Every structure is written in structure tokens, then in C-alpha cells.
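**Q** Following this message is one structure expressed as C-alpha cells.
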Amino acid sequence: MTTSSDRIGAAVLAAGSALVGGLATDPGSRWFRGLSTPSFYPPPQAFGIVWSALYTGIAWAGGEVLARSDAQQRHDFARAYAANLALNTAWTPLFFRAHRPWLATLESAALTASTVDLVRRADRVSRPAAAALAPYAAWTAFATVLSGAIARRN
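In my numbering, the protein residues as written are 1 to 154.
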């Protein structure tokens with residue numbers, strides 16, 4: 001077992017990802033408003049609500065797994081967690097700033113695979129942590145489909 005620094009570190013990484021993603025998001029831009037979106041595109045206010053809940057779950061689950069892991073599991077999960085949050089953070093600038101929906105779709109697919117891997121790793125240590133990450137995996141899969149639909153339409 002480790003100290004609360006694992007929990008704090010997991011929360012700081014998740015909050016940093018949320019902050020960077022939030023700053024890079026620009027749904028009011030002329031480019032974004034001009035996109036054709038599919039019929040299953042959620043209402044704009046849903047994104048803030050969903051991501052707030054997801055980041056809370058990500059931070060808690062990450063800290064829980066890191067705090068309960070043995071040394072090797074902690075090391076491996078920490079690397080996977082950091083890589084996942086780097087992928088998470090990269091989607092928004094690719095889509096909103098670079099205006100590259102196809103590239104954002106590929107990046108989102110990699111994020112989904114990474115998130116499924118986090119769920120798998122978490123499940124080895126804490127079923128509640130894995131359960132907290134499962135909605136994140138579902139949302140990133142949905143985001144991949146949504147990004148691909150936007151890319152195809154535009």
C-alpha cells in the first residue's frame with residue numbers, strides 16, 4: 001500500500017486532462033457551427049455533465065487502483081493511466097483546433113482501446129474501480145462513432 005499521494009496524483013492528472021480539454025474545446029467556433037452533425041449528436045449541455053462525471057470517476061478509480069496495487073501493478077497501471085489521459089487530452093485539440101475530424105476519430109479509437117485496457121487492469125485490483133471506469137470506456141466508444149460520423153458528413 002502507498003500513501004494518499006497516489007490518490008492525489010491520479011486526481012491531479014485527471015484534472016489536468018479536463019482543464020486542457022476544456023480550454024481547447026470551442027463549440028462556438030465558426031468551423032464547428034458549420035459542421036453537419038448526425039441525428040444522434042447529444043445536446044451541447046450533455047458534454048459538460050457527462051465529462052464532469054467521467055473525470056470524477058477516472059480520478060477516483062485511478063487513485064483507488066494505484067493505492068491498492070502491488071509495486072508492479074502500480075507501475076504498470078500508472079503508465080497506462082498516464083498514456084490514457086494523454087490520449088484523452090489530445091482529442092480536443094485535434095478536433096477543435098486542428099479541424100481534423102478523421103484524425104480525431106482514429107485518436108478516439110486508440111483512446112477507447114486504452115480505456116478498455118484501463119478497465120481490465122483496474123478489475124485485477126478493484127472491481128469498484130473497474131466499474132467506475134466502465135462508463136468512460138462506453139463514452140469513448142460512443143465518441144469514436146460520433147467523431148467518425150461527423151468526419152464522414154464533412
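Here a beta-carbon is modelled for each residue, glycine too, at the ideal position from N, C-alpha and C.
Just so we're clear, the structure is a prediction, and the values are computed from it rather than from any experiment.
Answer with buried or exposed for F77, where buried requires no fewer than 16 other C-beta atoms within 10 angstroms of its C-beta.
**A** buried
**Q** Suppose you measure from the CA of A15 to the CA of S52; what does that come to, to the nearest Å?
**A** 10 Å
**Q** Closer than 7 Å by C-beta to W60: which residues in its own chain qualify, once you throw out the five before and the five after it? Chain order, please.
**A** A132
**Q** Would you call the region 123 to 142 and the region 14 to 30 touching, i.e. three or more CB-CB distances under 8 Å?
**A** no
**Q** With a threshold of 8 Å, are at least 3 pairs of Cβ atoms found where one atom belongs to the region 41 to 49 and the other to the region 72 to 86?
**A** no
**Q** Express the C-alpha separation of T56 and G148 in angstroms, rounding to a whole number.
**A** So the two alpha carbons sit approximately 26 Å from each other.
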